[in-house]
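**Q**
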Amino acid sequence: MNLRGTIPPHLGNLSFLLSLDLSSNNLSGHLPKELGKLHRLRIIQLSYNRLNGEIPAWLGNLQRVQRLEMGNNNFTGTIPQALVNINSLSGSLPNDMCQHLPKLEGLYLSRNELSGNIPSSMGKCNNLQILALSYNQFTGIIPRSIGNLTRLEKLYLGLNNLEGSLPNGLCYHCPMLEGLLLEHNELSGNIPSSMGECYQLQILNLAANKFSGLIPKSIFNSTMPQGIYLNDNSLEGNLPPITNAPKLENLLLWRNKLSGNIPNSISNVSMLKELDLSDNLFSGPIPTLGNLRYLECLHIQNNNLIAGSTIDHDWTFLSSLANCKHLKRIILSGNPLSGVLPTYIGNLSNSLRYFMASNCEIIGNIPMEIGSFSNFSSTSFMKNYALCGPPRLLVPPCKNDIHENSQMIILHALSGFEESNMLGSGSFGYVYKGRLLDGMEVAIKVFNLQTEGAFRSFDIECDAMRNIVHRNIVKVITCCSSVNFKALVLDYMSNGNLEKWLHSKNYFLDLIQRVEIMIDVASAIEHLHNGHPTPIIHCDLKPNNILLDEDMVAHVGDFGIAKLLEEGYLMKHTMTLATIGYMAPEFGSAGIVSVKCDVYSYGIVLIETFTKKKPTDNFFAEERTIRHWMESSLPQRAIEIADVDLLKREDEYFIVKANCISSIMELALNCSAELPEKRKDMKDVVVELKKIKQRLLNNIK
1 MNLRGTIPPH
11 LGNLSFLLSL
21 DLSSNNLSGH
31 LPKELGKLHR
41 LRIIQLSYNR
51 LNGEIPAWLG
61 NLQRVQRLEM
71 GNNNFTGTIP
81 QALVNINSLS
91 GSLPNDMCQH
101 LPKLEGLYLS
111 RNELSGNIPS
121 SMGKCNNLQI
131 LALSYNQFTG
141 IIPRSIGNLT
151 RLEKLYLGLN
161 NLEGSLPNGL
171 CYHCPMLEGL
181 LLEHNELSGN
191 IPSSMGECYQ
201 LQILNLAANK
211 FSGLIPKSIF
221 NSTMPQGIYL
231 NDNSLEGNLP
241 PITNAPKLEN
251 LLLWRNKLSG
261 NIPNSISNVS
271 MLKELDLSDN
281 LFSGPIPTLG
291 NLRYLECLHI
301 QNNNLIAGST
311 IDHDWTFLSS
321 LANCKHLKRI
331 ILSGNPLSGV
341 LPTYIGNLSN
351 SLRYFMASNC
361 EIIGNIPMEI
371 GSFSNFSSTS
381 FMKNYALCGP
391 PRLLVPPCKN
401 DIHENSQMII
411 LHALSGFEES
421 NMLGSGSFGY
431 VYKGRLLDGM
441 EVAIKVFNLQ
451 TEGAFRSFDI
461 ECDAMRNIVH
471 RNIVKVITCC
481 SSVNFKALVL
491 DYMSNGNLEK
501 WLHSKNYFLD
511 LIQRVEIMID
521 VASAIEHLHN
531 GHPTPIIHCD
541 LKPNNILLDE
551 DMVAHVGDFG
561 IAKLLEEGYL
571 MKHTMTLATI
581 GYMAPEFGSA
591 GIVSVKCDVY
601 SYGIVLIETF
611 TKKKPTDNFF
621 AEERTIRHWM
631 ESSLPQRAIE
641 IADVDLLKRE
651 DEYFIVKANC
661 ISSIMELALN
671 CSAELPEKRK
681 DMKDVVVELK
691 KIKQRLLNNI
701 K
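Numbering (full-length UniProt numbering), first residue to last: 1 to 701.
Given below as structure tokens:
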């Protein structure tokens, strides 16, 4: 168009303007501040002009901008920090970006929807100190040219889809590196021993990737690290001695394949606050950790650790923890600790809020000194079958002259089977609200033994749920079984189930609540599939079986038809049918169940949660399923099919919320694909939903 002169300020009056393209002209002068009023703008193209002055900070207020092009002008000064507020950019990074920004010191593009490869030309931004590209959709490898950025201090590439190995010599070429955050990608290979050459490194986060091999000793050589996060990989071998980490506060190595003893040298890491070695193959005695004065969280569950020597099981480590005055959480569950609980367990810090020692082969009496835990409902010694103690700790009483058996206690808790106490009913019985002798409110599932399959359902649910410990799975407090009476005592969920909140009058969940609930559910199912030696398939996921506690945290319950896969098997056959509408096609037609059946059900629940359409509605008949309806509606009609209570056009954040729901519906379709092999893994679902939630929160003030 060959426009000349300055950009007129009155353009700022076009309040409904979505796209402003003034590129490839001869415009000059400063950007008028009136353009900062165009809050609906999605595209700004100003390249190839003669604009000058500083880049204005008000650009950061245009939160809906998805494309911003300002290259080939005469701008001066620094890039304003406020530009970090724009979190809806999409597309890929230009290959020649560093050619136009030779003095660039910081590039902050995290929490957007950028994709494609990270260009190898990024290594030409010689002055770059901070490269932040986290929470995007970048693919490919980390370019080796990153090693050319000799002034680089922070490299943030987490929560993308990057693959390949770490660039060789990264620490040697980038000696000033302070933060290396590469979590939640698909990176693989060994962690190079040269990582120890990052002598300024304070945070190393390689969590949730596919790294294998040994943890190099060298990463503990530096005196600078404050946080090392290597959890959720496939690392193996021994944990190297930690001899020189005076500032280390967080060491997270959970869910790997690490083995051998926990090194005694870990007690020398005096500033350590969080130590998580859970879900590994560690063995031998737990070292004394009393020197860790600032320790707040100790998670060592699901290993093969013992309390002391194999002869006396002296629990010395627990005595030493009395010196840790800031301790809040101790989780020891799933280790063969054996032996008797020592009386000095009562000496643990008053700050302690969570102590878990279930399934630890503990025997004998729980000492009276445990009294300091009198107000902790989460204290648990479940599945220590030779342990006895106070009823409030949910273990059998120690006295031999107690005449009330568990059936009588439950009947007392129920105060009879009054209809007013009934919380709901299922295929095999009824659920009542009750109160135990110590005043604890519980839900009691009483099985109707006249119903075919009730005995088997009780056995499955008791065995499956008793062994599961997860914040998003309903906890079984105890099981009661006799010839004529079978019941489960469960945590009471005061806010009922998701079905009620979606489909009953006078109940409403906002968008963020629904996203958080479905993250909770995804986390629970992911734990069932991956958190145990043999996967557990729920088989009947639906809103009725998603329960909400007083804080609206979701818990998955009702494992009455759950299946445990045998070792080495990916599926099994069953004659039991689940709920129509939520049941995967291969489950209903051929009786084949696998973890992918739960993924399908999750996808259907996801659709229902954000549309308030049930898969069994009359609207869906014959070949028209809720999934087909959703698939035919995306992406053009995503706004129309969403629950009308979630999207109102007058809402200031209408577009942000619409994009969020559209992303969730795309995820739901990927979960509920017709073919099992086309469905996502629950681990990936959790990561993707968390990204969607973060994008939503970033764009809503």
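Just so you know, even glycine gets a beta-carbon here, dropped at the ideal spot from N, CA and C.
Small disclaimer: the values here were computed from a predicted structure and weren't measured.
Taking the straight line between their C-alpha atoms, what separation do you get for Lys-257 and Asn-530?
**A** The alpha-carbon atoms of Lys-257 and Asn-530 are separated by roughly 14 angstroms.
**Q** Classify Ser-632: buried if its beta carbon has 16 or more other beta carbons within 10 angstroms, exposed otherwise.
**A** Its Cβ having fewer than 16 others within 10 Å, Ser-632 is exposed.
**Q** Pick out the complete alpha helix (DSSP H) segments inside the stretch 125–194, 4 residues or longer, and give them in chain order.
**A** Qualifying alpha helix (DSSP H) stretches, in chain order: 170–173.
**Q** Considering Cα atoms alone, identify which of Gly-308, Asn-221, Glu-274, Ser-270 is closest to Gly-284.
**A** The residue with the shortest Cα to Cα distance from Gly-284 is Gly-308.
**Q** Around the Cβ of Ala-245, are there at least 16 other Cβ atoms within 10 angstroms (buried) or fewer (exposed)?
**A** Classification of Ala-245: buried, given that the 10 Å Cβ count is 16 or more.
**Q** Flag this pair as touching only if the stretch 509–516 and the stretch 580–588 have three or more C-beta atom pairs under 8 angstroms; answer yes or no.
**A** No, the stretch 509–516 is not in contact with the stretch 580–588.
**Q** Just curious, the alpha helix (DSSP H) that Phe-381 is in, first and last residue?
**A** From DSSP, Phe-381 is part of no alpha helix (DSSP H); its letter is neither H nor E.
**Q** Would you call Glu-76 buried or exposed, if buried means 16 or more other Cβ atoms sit within 10 Å of its Cβ?
**A** A quick correction: the sequence has Thr, not Glu, at residue 76. Thr-76 is exposed by the Cβ-count criterion.
**Q** Ser-523 lies in the alpha helix (DSSP H); which residues open and close that run?
**A** Element bounds for Ser-523: 511–530.
**Q** For Phe-282, which of helix, strand or coil comes out of DSSP?
**A** Three-state result, Phe-282: strand.
**Q** Under the rule that 16 or more other beta-carbon atoms within 10 Å means buried, what is Thr-451, buried or exposed?
**A** That one is exposed.
**Q** Can you tell me which of Thr-343, Ser-504, Tyr-432 puts its alpha carbon nearest to the alpha carbon of Ser-420?
**A** Answer by Cα proximity: Tyr-432.
**Q** From Ser-212 to Glu-236, what does the alpha carbon distance come to, in whole angstroms?
**A** Near 7 angstroms, if we compare the C-alpha coordinates of Glu-236 and Ser-212.
**Q** State the beta-bridge partners of Asp-276 as determined by DSSP.
**A** Leu-252, His-299.
**Q** Helix, strand or coil for Lys-103? Go by DSSP, reduced to three states.
**A** Coil, per DSSP.
**Q** Can you tell me whether Ala-673 is buried or exposed, with buried defined as 16 or more other CB within 10 angstroms of its CB?
**A** Ala-673 is buried by the Cβ-count criterion.
**Q** Whole-angstrom Cβ separation of Leu-272 and Leu-292, contact assumed at under 8 angstroms?
**A** That belief holds up - the Cβ atoms of Leu-272 and Leu-292 are roughly 5 angstroms apart, short of 8 angstroms.
**Q** Please state the DSSP three-state secondary structure of Gly-496.
**A** Reduced to three states, the DSSP call for Gly-496 is coil.
**Q** Taking 7 angstroms as the limit between beta carbons, can you name the residues of its chain near Thr-616, skipping five residues before and five after?
**A** Contacts found: Ile-580, Gly-581.
**Q** Under a three-way DSSP split, which group does Val-605 fall into?
**A** Reduced to three states, the DSSP call for Val-605 is helix.
**Q** With burial defined as no fewer than 16 other Cβ atoms inside 10 Å of the residue's Cβ, what is the status of Ser-90: buried or exposed?
**A** That one is exposed.
**Q** Can you tell me where the alpha helix (DSSP H) with His-470 in it begins and where it stops?
**A** Element bounds for His-470: n/a, residue is neither H nor E.
**Q** Would you mind sorting Ser-594 into buried or exposed? The rule is 16 or more other CB atoms within 10 Å of its CB.
**A** Buried, since its Cβ has 16 or more Cβ neighbours within 10 Å.
**Q** Looking at C-alpha atoms only, which residue of Val-656, Asp-598, Arg-624, Gln-202 is the closest neighbour of Val-685?
**A** When each option's Cα is compared against that of Val-685, the closest is Asp-598.
**Q** Ile-661 bridges to which residues according to DSSP?
**A** According to DSSP, Ile-661 bridges with nothing at all.
**Q** Between which two residues does the alpha helix (DSSP H) holding Asn-699 run?
**A** Element bounds for Asn-699: 682–699.
**Q** Give the straight-line distance between the Cα atoms of Ser-374 and Asn-350, rounded to the nearest whole angstrom.
**A** The predicted position of Ser-374 is uncertain, since its pLDDT is 47 and thus under 50; a value taken from the coordinates is nonetheless stated next. In a straight line, the C-alpha of Ser-374 is about 11 angstroms away from that of Asn-350.
**Q** Spell out a yes or no on whether the stretch 168–185 and the stretch 145–156 are touching, meaning 3 or more CB-CB pairs, one atom from each, closer than 8 angstroms.
**A** Touching, per the Cβ criterion.
**Q** Figure out for me which residue from Asn-205, Asn-209, Glu-153, Asn-127 has the closest Cα to the Cα of Asn-161.
**A** Among Asn-205, Asn-209, Glu-153, Asn-127, the Cα nearest to that of Asn-161 is on Asn-209.
**Q** Who are the Cβ neighbours of Glu-404 in its own chain at under 6 angstroms, not counting the five residues just before and after it?
**A** Model confidence at Glu-404 stands at a pLDDT of 36, short of 50, so the residue's coordinates are unreliable and nothing is read from them.
**Q** Using only CA atoms, which one of Lys-505, Leu-667, Gly-557 lies nearest to Asp-681?
**A** Nearest option by C-alpha distance: Leu-667.
**Q** Just mark Gly-429 as buried or exposed, buried being the case when its beta carbon has 16 or more other beta carbons within 10 Å.
**A** When all chains shown are included, Gly-429 counts as buried.
**Q** Helix, strand or coil for Tyr-344 per DSSP?
**A** Reduced to three states, the DSSP call for Tyr-344 is helix.
**Q** How would you call Asp-276, buried or exposed, if buried means at least 16 neighbouring beta carbons within 10 angstroms?
**A** Counting Cβ neighbours within 10 Å, Asp-276 comes out buried, since at least 16 surround it.
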